[in-house]
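Protein chains: 4
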Amino acid sequence: MDGERRLTAQGQERKQQLLDCAAELFAERGYADTRVIDIVEAAGVAKGLFYWYFENKEALFKELVVSIRLRLRQHQAEAMDPAADPLTRLRQGTEASVRFMARHATFFALLEVENLDRQFADVLRNGGDVHAADVGSLVRAGIDAGLIRDEDPVLLTFGVIGTVAYYSHFHRTGRLRVDVDELATFVGRSVVRTLAADDEIADAICADPARAAV
Amino acid sequence: MDGERRLTAQGQERKQQLLDCAAELFAERGYADTRVIDIVEAAGVAKGLFYWYFENKEALFKELVVSIRLRLRQHQAEAMDPAADPLTRLRQGTEASVRFMARHATFFALLEVENLDRQFADVLRNGGDVHAADVGSLVRAGIDAGLIRDEDPVLLTFGVIGTVAYYSHFHRTGRLRVDVDELATFVGRSVVRTLAADDEIADAICADPARAAV
Amino acid sequence: MDGERRLTAQGQERKQQLLDCAAELFAERGYADTRVIDIVEAAGVAKGLFYWYFENKEALFKELVVSIRLRLRQHQAEAMDPAADPLTRLRQGTEASVRFMARHATFFALLEVENLDRQFADVLRNGGDVHAADVGSLVRAGIDAGLIRDEDPVLLTFGVIGTVAYYSHFHRTGRLRVDVDELATFVGRSVVRTLAADDEIADAICADPARAAV
Amino acid sequence: MDGERRLTAQGQERKQQLLDCAAELFAERGYADTRVIDIVEAAGVAKGLFYWYFENKEALFKELVVSIRLRLRQHQAEAMDPAADPLTRLRQGTEASVRFMARHATFFALLEVENLDRQFADVLRNGGDVHAADVGSLVRAGIDAGLIRDEDPVLLTFGVIGTVAYYSHFHRTGRLRVDVDELATFVGRSVVRTLAADDEIADAICADPARAAV
DNA sequence: AATGAATGAGTATTCATTCAT
DNA sequence: GATGAATGAATACTCATTCAT
Chain A
0 MDGERRLTAQ GQERKQQLLD CAAELFAERG YADTRVIDIV EAAGVAKGLF YWYFENKEAL
60 FKELVVSIRL RLRQHQAEAM DPAADPLTRL RQGTEASVRF MARHATFFAL LEVENLDRQF
120 ADVLRNGGDV HAADVGSLVR AGIDAGLIRD EDPVLLTFGV IGTVAYYSHF HRTGRLRVDV
180 DELATFVGRS VVRTLAADDE IADAICADPA RAAV
Chain B
0 MDGERRLTAQ GQERKQQLLD CAAELFAERG YADTRVIDIV EAAGVAKGLF YWYFENKEAL
60 FKELVVSIRL RLRQHQAEAM DPAADPLTRL RQGTEASVRF MARHATFFAL LEVENLDRQF
120 ADVLRNGGDV HAADVGSLVR AGIDAGLIRD EDPVLLTFGV IGTVAYYSHF HRTGRLRVDV
180 DELATFVGRS VVRTLAADDE IADAICADPA RAAV
Chain C
0 MDGERRLTAQ GQERKQQLLD CAAELFAERG YADTRVIDIV EAAGVAKGLF YWYFENKEAL
60 FKELVVSIRL RLRQHQAEAM DPAADPLTRL RQGTEASVRF MARHATFFAL LEVENLDRQF
120 ADVLRNGGDV HAADVGSLVR AGIDAGLIRD EDPVLLTFGV IGTVAYYSHF HRTGRLRVDV
180 DELATFVGRS VVRTLAADDE IADAICADPA RAAV
Chain D
0 MDGERRLTAQ GQERKQQLLD CAAELFAERG YADTRVIDIV EAAGVAKGLF YWYFENKEAL
60 FKELVVSIRL RLRQHQAEAM DPAADPLTRL RQGTEASVRF MARHATFFAL LEVENLDRQF
120 ADVLRNGGDV HAADVGSLVR AGIDAGLIRD EDPVLLTFGV IGTVAYYSHF HRTGRLRVDV
180 DELATFVGRS VVRTLAADDE IADAICADPA RAAV
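Protein chains in written order, with numbering that gives the first Met the number 0: chain A, 0 to 213; chain B, 0 to 213; chain C, 0 to 213; chain D, 0 to 213.
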C-alpha cells in the first residue's frame with residue numbers, strides 16, 4: 000500500500016529479523032510450505048505486524064532474493080583481482096561463488112525455486128541475467144585475449160554458471176561430501192579447464208596459487 | 000490400500016490418459032498450481048475417477064517421475080555403443096540425454112521440483128542416485144583406461160550430470176536459444192573436454208563423427 | 000427398485016453372507032464408518048453386486064435390525080414357561096435376553112445406533128415398541144395377580160427393559176467383567192426384586208431354581 | 000499445535016457462543032449431520048474463525064462432553080446431603096441426575112454417541128468411570144452400613160447408573176410421557192428399592208420427604 | 001508499531017450409487 | 001447374477017490478508 004515505508008532504526012531491525020527468519024524457514028521447507036504465521040512466530044511477533052513491514056508474502060520473498068543476489072555479486076567483485084587476466088578472474092569469481100554459496104547454503108536453496116514457481120520468474124530471471132552478463136563479458140574478453148576457446152560465448156557462459164550452480168547444489172543437498180575449500184578449488188580448475196584454449200594455458204592458470212581468500 | 004489395482008486394457012488406457020494430461024498440466028503450471036479437477040477435466044472424466052486409479056495427487060506425480068526416469072535411462076542405454084571406450088560412451092550418453100530432455104522438456108521441468116518440495120525428495124533422489132551410479136562407473140572405467148583425468152571420480156561424475164542438467168535447463172527456459180543438435184554436440188564435447196586426460200584424447204574423441212542419432 | 004426380488008437358493012445364501020459380513024462390520028466400526036466397499040470386500044464380491052441384493056446401505060441395516068429383533072423375541076418366547084406366573088415369566092425372559100444379547104453382542108451394539116441416527120428412529124422404535132408391549136402385558140398381569148407392586152405399569156415396564164439393556168451394554172463394552180451366567184442370574188433377580196410386591200414374593204421367585212437354559 | 004490458546008474476555012465469550020450453538024445443533028441433528036459451517040452460521044461468524052478457537056470439529060465435541068459431565072457432577076454434589084446416610088445420598092443423587100438430564104436433555108442425547116463412535120470412546124468412557132467411582136463408593140458404604148444388600152458392589156453400581164440413564168433416555172425420546180418430578184421421584188425410589196437390604200429400610204428411605212429441590 | 005480476532009476463497013478426498021458389459 | 005469402471009455431491013480444513021483496537 001505504501002510502496003516504500005519510512006522506517007526507524009528499530010523498525011529496520013525488526014524488518015531484517017523477519018527477513019532472516021523467513022529465509023531460514025523458506026530454505027528449510029520451501030516457499031509454499033512456509034506460512035506467514037511460521038515466520039512471525041519464529042520472530043516472536045504478532046501476525047498483523049508482518050503486513051506492516053511487507054506488502055505480502057511474495058514481496059518478502061522477492062526482497063530476499065534481490066538482497067542475496069546483490070551480496071553474491073559484491074562478494075564476487077571483491078574476489079576478483081582487477082589487474083588479472085579474464086580467465087584468472089573467472090577462476091577467482093568461480094571459487095568465490097562456490098564459497099559464498101556454501102556459506103549461505105540456506106539462502107541459495109531459495110533461488111532454485113526459480114524452476115518451479117512461475118510467479119517468481121521475473122525477479123529470479125532478472126538476477127540471473129545480470130550474472131550472465133558479468134560472466135559473459137569476461138568470457139568474451141578471454142576469447143579476444145586468446146585464453147579461451149573460440150566458441151559460442153553464450154554457451155560457454157552458461158557452462159560456467161551451470162557448473163558453479165550444480166556443484167553447489169550437490170554440495171548443499173549432501174550428495175557431494177567434500178570440504179568447501181577442496182570443492183571451490185576443484186570447480187575453479189574445472190571451469191578453467193573447460194574454457195581454456197589449450198592445456199598449457201589451463202595448467203598455467205590452475206597453477207597460480209594466488210586465489211582469493213574470500 | 001490396494002497397493003496395485005489389477006486393471007483391464009481399457010483401464011490401462013484410462014490411467015495413461017490421466018498420466019499424460021497430468022504431465023502436461025504439471026509442466027505448464029507446476030505441481031501445486033495444478034488441481035486434481037484440472038487433470039480430470041482435461042481428461043474429460045469425473046473427479047471421482049481420479050481416485051480409482053491413483054491414491055492421490057502425490058502418488059500420480061511420483062508415478063510420473065519414475066516413468067520418465069526409466070525412459071531416459073533406456074534412451075541413454077540405446078544411444079551408447081557397447082563396444083566403445085568409456086569416454087566415447089559418456090559423450091554418446093550425454094548427447095542422448097540432452098536430446099531426450101529437449102524432446103521431453105515439459106517432463107523435465109517437473110524433475111526440478113526436487114529442489115523445492117521435500118515431499119518428493121525420496122523418489123527424485125533415488126532416480127538421481129541410479130543415474131549417478133551409471134555415470135560414475137563409466138568415469139571410473141575411463142580413469143582406469145587412462146582416458147579421463149585422474150581426479151576424484153565422484154566430483155567428475157557430478158560435473159557430467161550437472162553440465163547436462165544445467166544446459167538443458169537453460170535451453171528449456173529459453174535463456175539459451177540454440178538448435179537441439181548444436182546443443183547436444185556442444186554439451187557432449189564440453190563434457191569430453193572437461194574429463195579428458197589431455198587435449199589429444201579430447202580431440203580424438205570429439206572428432207569421432209559416429210555419434211548416436213537418437 | 001424391485002421392492003421384493005425373488006431369489007434362488009444360492010441367491011439367498013449370498014444375501015445372508017452379505018448380511019452377516021455387514022453385521023460384523025457395523026458392530027465393529029459403527030454404521031457410518033462401515034463403507035459399502037468394506038462389506039462387499041469382506042464377502043469377496045464386487046461392489047455392484049451389493050445393489051442387486053439391497054436397495055441401499057440403509058435398507059440392509061434395517062433388514063438386519065428387524066431380523067435380530069425377531070430372533071430375540073423368539074428366544075424370549077422359548078425361554079418362558081407358558082404355565083408359570085407373570086413374574087417368573089419376566090424373570091425367565093430377562094435371563095434369556097441377557098444371555099442372547101451376550102451371545103450376539105456384536106448384533107446388539109447396532110441397536111444402540113438408535114440414539115444417534117434419526118434416520119433409523121422408526122425401525123428401531125418399532126421394534127422397541129413391540130418389546131415394550133410384550134413386557135408391559137406381563138407386568139400388568141403381575142400387578143393383577145398381586146405379585147408386582149401396584150405402580151404405573153409403564154414406568155415399571157421401562158424399568159425392566161432398561162435394566163436388561165444397560166447391564167448388557169456394560170457387559171458388552173467390557174465395563175462389567177463377569178460371567179454371562181452370573182450376569183443373567185443377577186439381572187433376573189434384580190428385576191424381580193424391583194418389581195415384586197414384597198420381599199417374600201421376591202425371595203420365592205428368586206429361589207426357584209427352574210430357570211430357562213437358553 | 001497451540002494446546003491452549005490464551006483468550007481475552009471477548010474471546011472467551013465467542014468460544015462459548017460457538018460451544019452453545021454447536022451443542023444445540025449436535026443435539027438436534029447428531030454429530031455427523033452437523034457441519035462446521037452450520038455451527039459458524041448459527042453463531043453468525045466466518046468459517047475460519049471456528050479453527051481459531053478449536054483444533055477441529057472433534058475437539059469441540061470433546062470439550063462439550065467434558066463440560067457437561069462436570070456440570071452434572073457438581074449438580075449431584077449439591078443435591079446430596081453430606082450428613083445423610085449413603086442410601087439416602089444415592090436417592091438424592093439419583094433424583095438430581097434425572098432432573099438435570101431432563102433439563103439438559105439435548106446435551107445428554109449427545110453422550111449416547113458413545114455407543115456408536117469409537118473416536119469418542121475415551122472421553123466418554125473417562126467421564127463414565129468417574130461417575131461409576133462416585134456411585135460405587137456410596138454403594139460400598141451402604142453395604143458396610145447394612146443398608147444395602149450384600150451383593151457384588153460393581154453390579155449394584157451399574158444398576159444404579161443404568162436405571163437413571165435408561166429412564167432418562169426413554170423420557171427424553173418421548174416414550175415415557177410423565178412429569179419430571181414424578182419421574183425423578185419414581186426413579187429415586189426404584190433405585191432405593193433395588194438396593195435396600197430389606198423392605199423396611201426401603202420404606203423408611205422412600206418415606207423421607209426431605210429430598211433435594213435441585 | 002503492535003496485537004490478535006475475523007474473514008472467506010480455495011481444494012483434496014470420500015463414498016454411496018449407477019450402469020454398461 | 002456378477003463385475004468394476006464411472007459419477008458427482010458433499011465437506012472439513014488451511015492460510016493469506018484485513019482491520020478494529
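Quick reminder that beta carbons are idealized off the backbone N, C-alpha and C, glycines included.
Handout entry: Chain-ordered chain D contacts of C:Arg31 [CB-CB under 7 Å]
Key = For the record, residue 31 of chain C in the displayed sequence is Ala; it is not Arg. The contacting residues are Ala31.
Problem - Helix, strand or coil at A:Ala195 according to DSSP, with G and I counted as helix - result: Reduced to three states, the DSSP call for A:Ala195 is strand.
Exercise for the section: Give me the Cα-Cα distance between C:Pro85 and D:Arg13, rounded to the nearest whole angstrom. Expected result: Their Cα atoms are separated by approximately 57 Å.
Practice task
Could you name the residues that DSSP lists as bridge partners for D:Ile147?
Solution key: BP columns for D:Ile147 point to D:Ala195.
Exercise for the section: Alpha carbon to alpha carbon, how far is B:Ile147 from B:Leu194? Give it in angstroms, no decimals. Expected result: Here the alpha carbon of B:Leu194 sits roughly 5 Å from the alpha carbon of B:Ile147.
Practice task
Give the straight-line distance between the Cα atoms of A:Ala120 and A:His130, rounded to the nearest whole angstrom.
Solution key: Straight across, the Cα-Cα distance linking A:Ala120 with A:His130 is about 15 Å.
Handout entry: Cβ pair count under 8 Å reaching 3, the region 155-175 of chain C against the region 133-141 of chain C
Key = Touching, per the Cβ criterion.
Practice task
Report the residues of the region 150-165 of chain C with a CB closer than 9 Å to any CB of chain D, ordered along the chain.
Solution key: Under the 9 Å Cβ criterion, the region 150-165 of chain C contributes Glu150, Asp151, Val153, Leu154, Leu155, Phe157, Gly158, Ile160, Gly161, Thr162, Ala164 and Tyr165.
Practice task
Go ahead and pull the three-state DSSP assignment for C:Gly126.
Solution key: In the three-state scheme derived from DSSP, where H, G and I count as helix and E and B as strand, C:Gly126 is classed as helix.
Exercise for the section: Pull up the distance between the alpha-carbon of B:Cys205 and that of A:Glu54, whole angstroms please. Expected result: Whole-angstrom Cα-Cα distance: 54 Å.
Problem - Chain-order list of residues whose beta-carbon lies under 7 Å from that of D:Arg68 (same chain, five-residue window excluded) - result: Listed in chain order, the non-local C-beta contacts of D:Arg68 below 7 Å within the same chain comprise Gly126, local neighbours out to five positions each way being set aside.
Handout entry: Reduced DSSP secondary structure (H/G/I, E/B, other) of B:Thr172
Key = Three-state DSSP puts B:Thr172 in coil, outside helix and strand.
Problem - Buried or exposed (CB count within 10 angstroms, at least 16 for buried), C:Gly2 - result: Its pLDDT being 49, under 50, C:Gly2 is placed unreliably in this model, and the value from its coordinates should be taken loosely. Classification for C:Gly2: exposed.
Handout entry: Bounding residues of the alpha helix (DSSP H) (the contiguous stretch that carries C:His74)
Key = Run containing C:His74: Lys56 to Ala78, per the alpha helix (DSSP H) assignment.
Handout entry: C-beta neighbour in chain A for B:Thr193, strict 9 Å
Key = Yes, because at least one Cβ of chain A sits closer than 9 Å to the Cβ of B:Thr193.
Exercise for the section: Check the Cβ-Cβ distances between B:Val129 and every residue of chain A, and say whether any is below 9 Å. Expected result: Using a Cβ-Cβ cut-off of 9 Å, B:Val129 does not count as an interface residue toward chain A, since no Cβ of chain A sits closer than that to its own.
Practice task
State yes or no: is the beta carbon of A:His103 nearer than 9 Å to at least one beta carbon in chain B?
Solution key: At a cut-off of 9 Å between beta carbons, A:His103 makes no contact with chain B.
Practice task
Taking only beta-carbon positions, decide if C:Ser66 is within less than 9 Å of chain D.
Solution key: It does not: the Cβ of C:Ser66 has no partner Cβ on chain D nearer than 9 Å.
Exercise for the section: State the start and end residues of the unbroken alpha helix (DSSP H) segment that holds A:Arg232. Expected result: The question about residue 232 of chain A has no answer here: the residues shown for chain A are numbered 0 through 213.
Exercise for the section: Answer yes or no: does any C-beta atom of chain B fall closer than 9 Å to that of A:Phe185? Expected result: Any Cβ of chain B closer than 9 Å to the Cβ of A:Phe185 would place that residue at the interface, and such an atom is present.
Handout entry: Residue range of the unbroken alpha helix (DSSP H) whose run includes D:Gly92
Key = Per DSSP, D:Gly92 belongs to the alpha helix (DSSP H) from Pro85 to Arg102.
Handout entry: When B:Leu182, B:Met100 and B:Val39 are compared against B:Gln16, the one with the closest alpha-carbon
Key = Measuring from the Cα of B:Gln16, the nearest candidate turns out to be B:Val39.
Exercise for the section: Output, in chain order, the set of chain A residues within a Cβ distance shorter than 8 Å of B:Asp197. Expected result: By Cβ distance, chain A contributes Asp198.
Exercise for the section: Could you have a look at C:Leu137 and say whether DSSP puts it in helix, strand or coil? Expected result: In the structure shown, C:Leu137 adopts helical secondary structure according to DSSP, grouped into three states.
Problem - Contact check, A:His170 vs A:Val159, beta carbons under 9 Å - result: No, Cβ-Cβ distance for A:His170 and A:Val159 is not below 9 Å.
Problem - Own chain residues within Cβ distance below 7 Å of B:Ala144, not counting five before or after - result: Contacts found: Asp84 and Pro85.
Problem - Amino acids of chain D, ordered along the chain, whose beta-carbon sits closer than 7 Å to that of C:Phe49 - result: Simply none; closest approach about 22 Å.
Practice task
Could you check the C-alpha separation between D:Arg188 and D:Arg90 for me, to the nearest Å?
Solution key: Those two C-alpha atoms are separated by around 7 Å.
Exercise for the section: Tell me whether the beta-carbon of D:Leu63 lies closer than 9 Å to the beta-carbon of D:Ser96. Expected result: Result no, Cβ atoms of D:Leu63 and D:Ser96 do not sit closer than 9 Å.
Exercise for the section: Output, in sequence order along the chain, the residues in the region 72-92 of chain B whose CB is closer than 7 Å to any CB in chain A. Expected result: So the list is empty, because no residue satisfies the distance condition.
Practice task
State yes or no: is the beta carbon of D:Phe53 nearer than 9 Å to at least one beta carbon in chain C?
Solution key: By this cut-off, D:Phe53 is not an interface position.
Problem - Straight-line gap, A:Thr243 to A:Val190 (C-alpha atoms, nearest Å) - result: Because chain A spans 0 through 213 in this model, residue 243 of chain A falls outside it and cannot be assessed.
Problem - Extent of the continuous alpha helix (DSSP H) to which B:Asp178 belongs - result: In the DSSP assignment, B:Asp178 falls outside any alpha helix (DSSP H) and carries neither an H nor an E.
Handout entry: Among A:Ala78, A:Gly43, A:Leu6 and A:Arg124, nearest to A:Ala21 - alpha-carbon criterion
Key = Nearest C-alpha to A:Ala21: A:Gly43.
Problem - Segment limits, alpha helix (DSSP H) that includes C:Gly47 - result: Run containing C:Gly47: Lys46 to Tyr52, per the alpha helix (DSSP H) assignment.
Problem - Chain-ordered chain B contacts of A:Leu123 [CB-CB under 8 Å] - result: Chain B residues near A:Leu123: none, gap ~10 Å exceeds 8 Å.
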